[in-house]
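Trainee: Residue numbers (this note's numbering): 510 to 668. Built from N, CA and C at the ideal position, the CB exists for glycine as well. Here the structure is a predicted model, which means the values were calculated and not measured.
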């Protein structure tokens with residue numbers, strides 16, 4: 510490994526990280542810095558940027574600015590389903606989409622989840638149970654990301 514790729518922290522930076530660890534351990538600054546530096550050393554700057562974007566998206570950041578390929582990469586391990594374009598062209602109720610994608614076992618459960626504020630369409634809270642999903646809601650005309658609660662995702666591929 511080239512010497513210039515090694516992490517070099519100044520004594521001041523180390524002291525600052527130690528102080529943050531002592532005063533605000535819940536923020537995990539030292540752990541985050543270590544993870545960033547190891548990722549940069551092992552995979553390079555581009556991979557670090559990609560990993561940071563993916564992390565931000567998984568914690569609720571804006572998705573619409575990403576390319577479909579990036580979204581597919583981020584959600585590669587998430588259960589997915591396919592939706593024919595014509596069904597979306599006509600407009601599909603969010604309730605039906607949740608059931609079709611397998612995120613809700615029934616329409617009643619889908620409505621309750623929406624009413625409870627636990628459903629997100631492309632990381633934006635969906636508050637209206639009568640909402641219709643259209644091609645304009647896709648990412649690049651290809652994908653829709655659904656989330657129930659904090660951690661349950663589904664990727665819908667529009668074919």
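Bridge partners of residue 665, per DSSP?
Mentor: In the DSSP output, where bridge partners are listed per residue, residue 665 has 590, 653.
Trainee: Where residue 606 and residue 565 are concerned, what is the direct C-alpha to C-alpha distance, given to the nearest angstrom?
Mentor: Distance between the alpha carbons of residue 606 and residue 565: 25 Å.
Trainee: Excluding five sequence neighbours on each side, which residues of the same chain lie with their C-beta closer than 8 Å to the C-beta of residue 557?
Mentor: So the qualifying residues of the chain are 545, 548, 549.
Trainee: Cα separation between residue 554 and residue 561?
Mentor: One C-alpha to the other measures close to 11 Å.
Trainee: Cβ of residue 592 within 8 Å of Cβ of residue 641?
Mentor: Going by C-beta atoms, residue 592 is not nearer than 8 Å to residue 641.
Trainee: The alpha helix (DSSP H) that contains residue 603, what's its start and end?
Mentor: Run containing residue 603: 603–609, per the alpha helix (DSSP H) assignment.
Trainee: What is the DSSP secondary structure of residue 648, counted as helix, strand or coil?
Mentor: Strand.
Trainee: When you compare each of 617, 632, 575, 598 to residue 649 by their alpha carbons, which one comes out closest?
Mentor: Answer by Cα proximity: 575.
Trainee: Closer than 8 Å by C-beta to residue 662: which residues in its own chain qualify, once you throw out the five before and the five after it? Chain order, please.
Mentor: The answer, listed in chain order, is 584, 587, 588, 654, 655, 656.
Trainee: Give a yes or no on whether the C-beta atoms belonging to residue 526 and residue 538 are separated by under 8 Å.
Mentor: Yes. Within cutoff.
Trainee: Can you give me the Cβ contacts of residue 612 inside the same chain, cut-off strictly under 6 Å, excluding the 5 residues immediately before and after it?
Mentor: Same-chain partners within the cutoff: 655, 657, 663.
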